[in-house]
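What follows is a short report on a single structure.
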Amino acid sequence: MCGIVGYVGDNQAAPLLLHGLSKLEYRGYDSAGIAVRNEATGDIRILKAKGRLHALSEKTDDGHAVTGTCGIGHTRWATHGEPSEVNAHPHCTDDKSVVLVHNGIIENYQELKEKLVREGYDFYSETDTEIATKLIDYYYKKTGDPLEALTRAMLRFRGSYAFGILFKDYPGKIFAARKDSPLIIGKNETGHFIASDVPAILDSVRNVYYIDNLEIAELTREKVHFYDIDRNEIKKEMVEIKWNEEAAEKGGYEHFMLKEIFEQPKAVRDTMNAYIKDEQIDFSAVGLTDEIIENLERVYIIACGSAYHVGMAAKYIIESMSNISVEVDLGSEFRYRDPKLAKNSIVIIISQSGETADSIAALRLSKEKGASVLGIVNVVGSSIA
Ligand code: GLU
31 MCGIVGYVGD NQAAPLLLHG LSKLEYRGYD SAGIAVRNEA TGDIRILKAK GRLHALSEKT
91 DDGHAVTGTC GIGHTRWATH GEPSEVNAHP HCTDDKSVVL VHNGIIENYQ ELKEKLVREG
151 YDFYSETDTE IATKLIDYYY KKTGDPLEAL TRAMLRFRGS YAFGILFKDY PGKIFAARKD
211 SPLIIGKNET GHFIASDVPA ILDSVRNVYY IDNLEIAELT REKVHFYDID RNEIKKEMVE
271 IKWNEEAAEK GGYEHFMLKE IFEQPKAVRD TMNAYIKDEQ IDFSAVGLTD EIIENLERVY
331 IIACGSAYHV GMAAKYIIES MSNISVEVDL GSEFRYRDPK LAKNSIVIII SQSGETADSI
391 AALRLSKEKG ASVLGIVNVV GSSIA
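Per the numbering used here, the sequence shown starts with residue 31, numbered consecutively.
So, in structure tokens, the structure goes:
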């Protein structure tokens with residue numbers, strides 16, 4: 031999950047979007063993109079670049095080459111589909127009737143995709159986000175009402191999302207909605223902003239609204255309206271941000287480690303959600319069938335650094351919940367001994383970056399020895415993935 035910024039107001043949007051995204055760079059990301067509506071032509075221009083934000087800034091002359099006062103921007107941390115320009119956000123329908131950025135994961139994207147394919151939709155990317163975009167479009171074409179389309183789609187999404195959305199037929203308007211991914215609305219004398227986190231808009235804004243789960247915001251230059259999932263208008267309190275930039279990056283926590291510790295429950299929940307279907311654990315998507323699990327005799331967890339400590343904690347949990355014994359190895363040790371892997375065993379490699387050299391070597395060695403391997407990483411498209 032990475033960053034979202036949106037703006038509608040008196041000023042040119044693109045430079046503000048790029049500036050806002052640059053304030054979220056510390057969170058890490060693999061690609062970036064913006065969509066800006068040109069009021070004169072009515073066209074929505076979408077520009078994306080893989081890699082650093084700098085590449086997008088160069089493509090757009092720091093945003094000055096893109097005209098328009100209403101737009102949305104995104105930095106992506108890929109969860110579905112490799113980091114690439116095609117998979118980068120914003121995503122859109124062929125006619126650009128819906129253009130969208132998303133943070134989070136739509137868990138039931140496969141089932142929604144099947145429905146949309148039956149309805150005649152094509153897909154150009156590997157992302158869950160494109161499916162979300164097209165489901166909203168499907169309901170929009172059916173009802174002609176963006177708010178109704180959005181709420182109907184939200185009721186069908188399982189997972190987490192913060193969305194920023196442009197509807198082609200609604201110039202000067204941004205829609206935003208969220209569930210389990212953060213999103214705020216900011217206001218200043220020139221217009222309104224959306225952002226996934228305070229630092230993105232702190233240079234322009236001091237007053238914000240926090241949107242809660244399953245709530246929607248509709249922003250124009252002058253006004254912002256809030257709705258619940260039943261499309262009833264709701265009132266929100268404006269909150270004044272008193273943090274400085276440094277405190278805002280840490281979400282008000284004293285330091286980053288504390289912030290990350292408090293984010294752990296959500297990180298764990300998000301990771302597990304992908305493997306729970308109808309309240310049952312289901313690992314079939316990663317090739318682990320019930321049969322394999324039932325026959326498991328030994329689990330080896332291989333990792334380095336703090337991922338190794340995670341493995342040590344996992345050993346206690348797995349052993350207390352099953353009668354399978356677990357061995358935890360440092361990647362750097364495993365590759366230099368001659369490990370004897372038990373039959374019916376699985377090797378779990380844990381690496382945040384997915385690029386830890388010793389862990390990659392251990393993975394190759396395990397495969398050579400015929401073991402099943404499972405990677406747990408935080409970077410889609412990394413070597414271990
Ligand atoms: N799941 C989406 C994707 O893979 C959004 C990822 C994000 O939050 O940046 O494209």
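By construction, the Cβ of each residue, glycine as well, lies at the ideal position given by its N, Cα and C atoms.
Taking all protein chains shown into account, H339 has fewer than 16 neighbouring C-beta atoms within 10 Å of its C-beta and is therefore exposed. One thing to note: I414 has its Cβ within 7 Å of the Cβ of S381. With fewer than 16 other CB atoms across the displayed protein chains lying within 10 angstroms of its CB, M287 is exposed. Scanning I74, A277 and K78 for the CA closest to the CA of P113 turns up K78. Between A206 and L180, the C-beta spacing is not below 7 Å. Judged by the Cβ position, N408 fails to qualify as a neighbour of ligand 1 at the 6 Å threshold, every heavy atom of the ligand being at least this far.
In this structure, ligand 1 has a non-hydrogen atom nearer than 6 Å to the beta-carbon of T159. Remark: C-beta atoms of E160 and F153 approach each other more closely than 7 Å.
Beta-bridge pairing by DSSP links R106 to S61. Of the other Cβ atoms in all chains shown, 16 or more fall within 10 Å of the Cβ of M184; this residue is therefore buried. Close CB contacts of V128 within its chain, under the 7 Å cut and outside five residues either way in sequence, are with C122, T163, I166, D167, Y170, I195 and F197 (chain order). Relative to ligand 1, the nearest heavy atom lies less than 6 Å away from the CB of A108. For Q310, the beta-bridge partners assigned by DSSP are K307.
Each of E276, N353, A333 and A344 was checked against the Cα of D359, and the nearest Cα belongs to A333. In the DSSP secondary-structure assignment, H132 is bridged to F193. Where F153 is concerned, there is no enclosing beta strand (DSSP E), because DSSP gives it neither an H nor an E.
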